[in-house]
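Each residue of the sequence shown is one higher than the one before, starting from 62 at the first, in our numbering. Read the structure below first, then the notes.
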Amino acid sequence: MTTNLIAMPSLSPGRDLDAYLNTIAGLPVLNAEEEKVLADRFYHEEDLDAARELVLCHLRFVAHLARSYSGYGLPQADLIQEGNVGLMKAVKRFDPSVGVRLISFAVHWIKAEIHEYVLRNWRIVKVATTKAQRKLFFNLRSAKKELSWLSPEEAQAIADDLGVPTKEVNRMESRLAASDMAFDGYDSDDGEVSAPAHYLTAPTADPADLVADADEARDSNERLAFALRDLDERSRDILARRWLQDDKATLHELADEYGVSAERIRQLEKNAMKKMRKAIEA
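Below, the structure is given as C-alpha cells:
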C-alpha cells in the first residue's frame, strides 16, 4: 500500500472532477492501527511519506463533506480543494497520542476552510465577518426549510438556539435574501436603468461649493495678476520664462541675455517669488 500511494501522481479535482472522484474512491481506507502507525511516523519522525498517505486515504471524506455545501452555488471542485487544504492542516497538527481518530480531529479544519471559501465567494460583499455572524450564516441557511420569511416565533427560536439577539437573525435573513447589484447599472422591468452609482453624491453637485470654488479661483488669478504687475520688468520676464512657458529658459541662458551671472538670475528669481507669495497671501 505504501509504495503504490507514494508513486501516485498529484491529484487535482479542478482538472477532471469525475476522474478525481473515481481515483480517490479506489484509495484504501485505513484502520485504526494503520492510521496510528502512519501518524506516529509523521509526528515523531517527520516522515512526509507517512503524512502524504494520511492525506490521500482521507480525501474521500473531504469530497463527501464538500457535497453538503453544494447549495451555495459554488464549484464543487473548489469546495473540495479548500477542504483538502483543511485536511492537510489537520494532519500537520494531529497528535496520535490523544487517542482519537484523525477524521474526528480533521473535520473541524476541513469545515473551517470550506466555510472561509464560501464566505469569501458567496457574495461580492461579505455577508458575515464576526464569529457570531459566521455561525448564524451557516445555521440559518440550514434552518430555513422554504423560501418564505421566518415568522417572529421561528426567528426567536433560532436566536435562542444559537445564543444571538433576534435582530441579528432578522438582519442575516435580509442579507441572505439580497442579491448582488451591478454598480454601473442594470435594466429594470419598466425599462429604466438603476444602479447604486446613481445614488452617490457627485463631488461637484453642490451649487454653493461651485460658486465658492469659482470665487476662490477668480480671486487667486486677480492676486497673481496684480503681483506680476508690481514686479519690475526684468523680474517679471525671468519668472515668465522660467515658470510660465512650456520651453523653460535656463539660468545660464537668461544670464547670457542680461549680462549677469547665473547666480544673480537665481537671486532675482528667488526675490521675485518671495514678493509674489507675499502679495498673493495678503
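We treat Cβ as the ideally placed atom computed from N, Cα and C, and that holds for glycine. On a predicted model such as this, the values are computed, not experimentally measured, just so you know.
message: What does the alpha-carbon distance come out to for the pair Pro419 and Ser129?
response: Past the edges of the chain, shown from 62 to 343, lies residue 419, and the structure says nothing about it.
**Asked** Skipping 5 residues on each side, what residues in its chain have a beta carbon closer than 7 Å to that of Asp10?
**Response** Missing from the structure shown is residue 10; the chain here goes from 62 to 343 and no further.
- request: Round the Cβ separation of Leu115 and Ile85 to the nearest angstrom and send it over; I've been treating them as touching at under 8 Å.
  value: Locating residue 115 in the sequence shown gives position 54, where the first residue counts as 1. Locating residue 85 in the sequence shown gives position 24, where the first residue counts as 1. That pair is no contact at about 14 Å.
C-alpha distance - Arg325 paired with Arg297, whole-angstrom precision:
Along the sequence shown, read from residue 1 onward, the residue named residue 325 stands at position 264. Along the sequence shown, read from residue 1 onward, the residue named residue 297 stands at position 236. Straight-line Cα distance between these residues: approximately 15 Å.
- Query: For Pro89, which of helix, strand or coil comes out of DSSP?
  - Reply: Residue mapping note: residue 89 aligns to position 28 of the sequence shown, counting from 1. Three-state result, Pro89: coil.
- Does DSSP put Gln306 in a helix, a strand or coil? If you number the sequence shown from 1, residue 306 lands on position 245. Three-state DSSP puts Gln306 in coil, outside helix and strand.
Assuming Ala323 and Asp291 are in contact, meaning their beta carbons sit under 8 Å apart, how far apart are those beta carbons, in whole angstroms? By one-based count along the sequence shown, residue 323 stands at place 262. By one-based count along the sequence shown, residue 291 stands at place 230. No, Ala323 and Asp291 are not in contact; Cβ-Cβ is about 25 Å, not under 8 Å.
**Study point:** Endpoints, the alpha helix (DSSP H) within which Ser281 is located
**Key:** The residue you call residue 281 lines up with position 220 of the sequence shown. Note, Ser281: alpha helix (DSSP H), 268-291.
Is the separation between the beta-carbon of Ile299 and that of Ala333 shorter than 8 Å?
Residue mapping note: residue 299 aligns to position 238 of the sequence shown, counting from 1. Residue mapping note: residue 333 aligns to position 272 of the sequence shown, counting from 1. Yes, Cβ-Cβ distance for Ile299 and Ala333 is below 8 Å.
* For Gly147 and Ala173, believed in contact at Cβ under 8 Å, the rounded distance -> Reading the sequence shown from its first residue, position 112 is the one you call residue 173. Reading the sequence shown from its first residue, position 86 is the one you call residue 147. Rounded, the Cβ-Cβ distance is 6 Å, consistent with contact.
- Out of curiosity, what's the CA-to-CA distance linking Ala80 and Ile141? In the sequence shown, counting from the first residue as 1, residue 80 sits at position 19. In the sequence shown, counting from the first residue as 1, residue 141 sits at position 80. Cα to Cα, Ala80 sits roughly 14 Å from Ile141.
- Message: Can you check whether the C-beta of Ala340 is within less than 8 Å of a C-beta belonging to chain B?
- Response: No chain B is part of this structure, which consists of one protein chain only.
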